[in-house]
Ligand SMILES: Cc1cc2nc3c(=O)[nH]c(=O)nc-3n(C[C@H](O)[C@H](O)[C@H](O)COP(=O)(O)O)c2cc1C
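Numbering (this note's numbering), first residue to last: 11 to 343.
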């Protein structure tokens, strides 16, 4: 086996003082201290998902737990939209986390709050288009994460794939850009670097690791799924998200089709669809393992997931494979 490179050098690894430019995406209900710390201990950047917690105190306690599990930098992810996040952000700032990532809406007020606090923390904004990336940069974000339509969970509305989105964003901003959506291995890491990205963010791949909170049935479903086994739901309410195909996903799509046929008003759409897309429907499958009773988020990258390793084994494998690929490519010229 080729030796594991000690570290990789990009502006992003320098920014966060981490060994490898591999970020574990915020994973609603799945990414707690154990996962974040395992990823960070392996040289990447782990993240606790704010959406896992009902109160700022619970988030703060989990951050404290992560600090007991690792001395390495880790982050907290904030999805805008469900509940007011100010107090949660304050909890993360009080604990002095290394990074904060923001997704799902206008990041301005959270970025301003972070900047006003005077706390030294690196900020990353998830984007799916050039304008959002430029806005994040103008608001003072330290990096953007460009998420292509292949990705699992919530997506942008323009359906741009990672291969085009990442270089377009790189030509449009000067802060470091991470590639996300469809990346699971060393091939994806090298491809992202080739596009000009300074790191990668992996979501679905980190659902299927030992330290994630996902039910073993969910993880096994990811291992068995092919790249054709995902579908985008919630387009009818303007917030497209990629999930694994299944009974619950089919029900959601059926309701969406009815709503389109009826040309239903936005309020009516939300009212009729909500019971099918609620967090607790997701949790029934993701946490309880009842895959027929709920939907689970997953990206097309499921086609590349064949096992459930530890986070450390996964990261070492990705880095080693990336290194081997770069050596092979050098022989091409
Ligand atoms: C189960 C799951 C939950 C997710 N929850 C969040 C979240 O809470 N916050 C967030 O920023 N992104 C979330 N995402 C998106 C990921 O962080 C990441 O951007 C996306 O998964 C990248 O695509 P990939 O799945 O192909 O790696 C989630 C993705 C999955 C698969």
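Cβ coordinates follow ideal geometry from the N, Cα and C atoms, glycine included.
Host alpha helix (DSSP H) of residue i (start-end)
i           : result
residue 252 : Note, residue 252: premise wrong, no alpha helix (DSSP H); beta strand (DSSP E) at 251 to 254.
residue 334 : 321 to 340
residue 98  : 96 to 104
residue 22  : 21 to 26
residue 122 : 118 to 127
residue 260 : 257 to 271
residue 291 : 289 to 296
residue 200 : 196 to 205
residue 142 : 140 to 148
residue 34  : From DSSP, residue 34 is part of no alpha helix (DSSP H) but of the beta strand (DSSP E) over 32 to 34.
heavy atom of ligand 1 below 8 Å from residue i C-beta
i           : result
residue 308 : yes
residue 51  : no
residue 258 : no
residue 131 : no
residue 113 : yes
residue 4   : Outside the displayed range of the chain (11 to 343) lies residue 4, so it cannot be described from this structure.
residue 321 : no
residue 214 : yes
residue 237 : no
residue 193 : yes
residue 262 : no
residue 155 : yes
residue 208 : no
residue 91  : no
residue 61  : yes
residue 329 : no
residue 35  : yes
residue 217 : yes
Cβ separation of residue i and residue j, assumed to be a contact under 8 Å, to the nearest whole Å
i           : j           : result
residue 247 : residue 279 : 5 Å
residue 43  : residue 79  : 6 Å
residue 333 : residue 12  : 6 Å
Short Cβ contact (9 Å threshold) for residue i with residue j
i           : j           : result
residue 7   : residue 85  : Because the chain here runs from 11 to 343, residue 7 falls outside it and cannot be looked at.
residue 296 : residue 39  : yes
residue 27  : residue 108 : yes
residue 179 : residue 200 : no
residue 212 : residue 32  : yes
residue 307 : residue 263 : no
residue 95  : residue 120 : yes
Extent of the continuous beta strand (DSSP E) run through residue i
i           : result
residue 212 : 210 to 212
residue 110 : 109 to 113
Residue i - DSSP class collapsed to helix/strand/coil
i           : result
residue 184 : coil
residue 226 : helix
residue 132 : strand
residue 177 : helix
residue 93  : coil
residue 40  : coil
residue 88  : strand
residue 59  : strand
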